[in-house]
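Participant: FYI, in numbering that gives the first Met the number 0 the residues of the sequence shown are 0 to 421. Cβ atoms here follow ideal geometry from the backbone N, Cα and C, with glycine treated the same way. Got a structure here, written out as structure tokens. Questions coming.
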Amino acid sequence: MQQLTTLLHACWSVLGQMSPYLILGFLISGVLSVMISPRWVEKHLGGSRYGSILKATLLGVPLPLCSCGVIPVAASLRKHGANKGATTSFLISTPQTGVDSILATYGLLGPFFAWFRPLAAFITGIIGGILVSTLDDDKQEKHAGTHDLPEEHLSFTQKIKAALSYGLITLPGEIARALIVGILVAGLISTFISSDFVSQYIGNYYLTMLLMLAIGIPIYVCSTSSIPIALGFMHAGVSPGAAFVFLISGPATNAAAISVVFKVLGRAAAVIYITTVMVGSLVGGFVFDYLNQTFSTGLLATSQPACHVELSLFEGISAIFMIIILAVSWYKSRTGAACCSSCHDGAAVHHPDLVINVDGMSCGNCAQAVRQTIMEIDGVSDAQVLLTEKRAEIYGKFLPEQVLQAINDLGYTATLPAKKDS
């Protein structure tokens, strides 16, 4: 019973310290979602080879996209003419950080982690893009049979509603499960694993670095949920630099994303992509520990285990609000309320001209990317993408094969439903 109480207190402490910064990050992310649309990103990634790499990296660092949500956006960039270098930069820099995770990092791990993390994302994004552009670049032409969607012109009130909807419903719903798991893992580690665990059972500094990399690369963890897990690792005795290796390698990619990157960018670019993430994570970890030991100024918020601190009244209230936000957003994402906000009311009255199964979608960004791709196909008048049902309903006069191919090019698996025996 005592251990259960300790576990709950640890989880509550982590949630309370993250919540004020996370809520602020959600709101800023909502504003960015209105200001920086996928079409806006595509429009500004043209131009010179190295200029587009810089733009892609600068755009990627603040955007709140996970390693699965960034894949369809990157595939869409390729389809609309972005070179491999810019696409790789976007793939590397975007999932490592976002406005929400930067602020949450500041709240839980301190300012040193908070500024070093986006800096590492920027540097690795630039390096990966330049390597691909130099060794394996090509010119990508826009796919035939597609057209650009017109820009949406929203009123100020509509923009506010859209920003709040994304920041407080869509984005929290996408990371709710991963965030809860991350907080629970941090609580479990701090409760059941002693602070000398790593030194007692592993001991070797370099082996610890490699262990963090081996854990981070294959698993799926978003940039926000990785924060409490990294805190838990530090409680178990890993160095801040080793925890930083996990903070970079974990969100940057996962096993499923790697397989899709091979399909979207090709073997050579994919190898450069994963190598950049691995080497960048390790180098970043070593540099982080060196700076922390050489210029120790108390910037790390780890003088006491952050899993066991008493929360202020403001942090406690913020934690309650965060629980409400996560619960509401998760419920709406499960019921499909946040899956397809662009669907027309009249579309539900008529039977769709084509229904296809779409496997591989895991978040609202995935569904949005699939719908945008379908809407760009000549002859398509409307489309609904149902995330929870893994299904797309399309209206208009078009070639079904073209729809299937377009979705498959994004890295998903589109198939026609099996015919029922009469």
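For R370, which residues from the same chain have a beta carbon less than 6 Å from its beta carbon, with the 5 sequence-adjacent residues on both sides left out?
Facilitator: A382 and V384
Participant: Could you tell me the distance, in whole angstroms, from the CA atom of Q157 to the CA atom of L62?
Facilitator: 21 Å
Participant: Inspect the CB distances between the region 71-84 and the region 100-119 and report whether three or more fall short of 8 Å.
Facilitator: Using a Cβ-Cβ distance cut-off of 8 Å, the region 71-84 and the region 100-119 are not in contact, since fewer than three pairs of beta carbons, one from each stretch, lie closer than that value.
Participant: Taking the straight line between their C-alpha atoms, what separation do you get for S225 and D135?
Facilitator: Rounded to the nearest whole angstrom, the CA to CA distance from S225 to D135 is 32 Å.
Participant: Closest to A391 by CA distance: which of D377, I406, G378 and F397 is it?
Facilitator: Selected option, being the one with the closest Cα: I406.
Participant: May I ask which residues mark the beginning and end of the beta strand (DSSP E) holding V357?
Facilitator: L353 to D358
Participant: Leaving aside the five residues before and after I393 along the sequence, list all residues of the same chain whose C-beta is less than 7 Å from its C-beta, in chain order.
Facilitator: Excluding residues within five positions, the ones whose Cβ falls inside 7 Å are P351, D352, L353, I373, V379, A382 and V402.
Participant: Would you mind working out which of G24, S238 and V357 sits nearest Y205, comparing C-alpha positions?
Facilitator: Measuring from the Cα of Y205, the nearest candidate turns out to be S238.
Participant: Take the Cβ of N364 as the centre, count every other Cβ of all protein chains shown within 10 Å, and call the residue buried at 16 or more, exposed below.
Facilitator: buried
Participant: Is I271 closer than 8 Å to L44 when the C-beta atoms are compared?
Facilitator: no
Participant: Please work out which residues of its chain come closer than 8 Å, Cβ to Cβ, to I126, disregarding the five sequence neighbours upstream and downstream, and give them in chain order.
Facilitator: T275 and G279
Participant: For S32 and V69, I'd like the C-alpha separation in whole angstroms.
Facilitator: Distance between the alpha carbons of S32 and V69 is about 14 Å.
Participant: Apply the 10 Å Cβ neighbour rule to F191 and answer buried if 16 or more other Cβ atoms are within range, or exposed otherwise.
Facilitator: exposed
Participant: Applying the 10 Å Cβ sphere with the 16-neighbour rule, what's the burial state of Y105?
Facilitator: With 16 or more Cβ atoms within 10 Å of its Cβ, Y105 is classed as buried.
Participant: Identify the continuous beta strand (DSSP E) that holds V379 and give its terminal residues.
Facilitator: Here the beta strand (DSSP E) through V379 covers V379 to L385.
Participant: May I have the straight-line CA-CA distance separating V60 from L212, to the nearest angstrom?
Facilitator: 21 Å
Participant: Near L102, which residues of its chain fall below 6 Å by C-beta distance, leaving aside the five closest residues on each side in sequence?
Facilitator: Non-local C-beta neighbours of L102 in its own chain, meaning closer than 6 Å and more than five positions away in sequence, comprise Y20, L23 and G24, ordered along the chain.
Participant: Using a Cβ-Cβ distance cut-off of 8 Å, determine whether S311 contacts chain B.
Facilitator: Going by chain labels, chain B is absent from the structure shown, which holds only one protein chain.
Participant: Report the residue ranges of all alpha helix (DSSP H) runs contained in full by the region 208-278; include only those spanning at least 4 residues, in chain order.
Facilitator: 225-234, 239-251 and 254-264
Participant: Nearest-angstrom Cα distance between G236 and L187?
Facilitator: Computed Cα separation, rounded: 14 Å.
Participant: Is the CB-CB distance between V244 and G181 below 8 Å?
Facilitator: no
Participant: For V98, which residues from the same chain have a beta carbon less than 7 Å from its beta carbon, with the 5 sequence-adjacent residues on both sides left out?
Facilitator: G24, I27, S28, L31, P61 and P63
Participant: DSSP state of G202, grouped into three classes?
Facilitator: G202 falls in the coil class under three-state DSSP.
Participant: Within a Cβ cutoff of 8 Å, which residues of the same chain sit near Q2, ignoring the five residues on either side of it in sequence?
Facilitator: T190 and F191
Participant: What does a CB cutoff of less than 6 Å around L325 pick up in its chain, not counting 5 residues either side in sequence?
Facilitator: P171 and A175
Participant: Pick helix, strand or coil for I192, following the three-state DSSP scheme.
Facilitator: coil
Participant: With a threshold of 16 other CB atoms inside 10 Å of the CB of P399, please say whether the residue is buried or exposed.
Facilitator: exposed
Participant: Tell me which residues share the same chain as L153 and place their Cβ nearer than 7 Å to its Cβ, disregarding the 5 neighbours each side in the sequence.
Facilitator: Answer for L153: A161, listed in chain order.
Participant: Within this structure, are the beta carbons of M277 and A241 separated by less than 8 Å?
Facilitator: Using a Cβ distance threshold of 8 Å, M277 and A241 do not count as a contacting pair.
Participant: Restricting to Cα atoms, I'd like to know which of Q367, T87 and A185 is closest to A268.
Facilitator: When each option's Cα is compared against that of A268, the closest is T87.
Participant: Among the residues of its own chain, which have a CB less than 6 Å from the CB of S100, if the five just before and after it don't count?
Facilitator: S222 and T223
Participant: Within 10 Å of its beta-carbon, does K83 have 16 or more other beta-carbons around it, so buried, or fewer, so exposed?
Facilitator: buried
Participant: Could I get the ranges of all uninterrupted beta strand (DSSP E) runs contained in the region 83-140, with 3 residues as the minimum, in chain order?
Facilitator: none
Participant: Determine the direct distance from the alpha carbon of S132 to that of T5, and round the result to whole angstroms.
Facilitator: 51 Å
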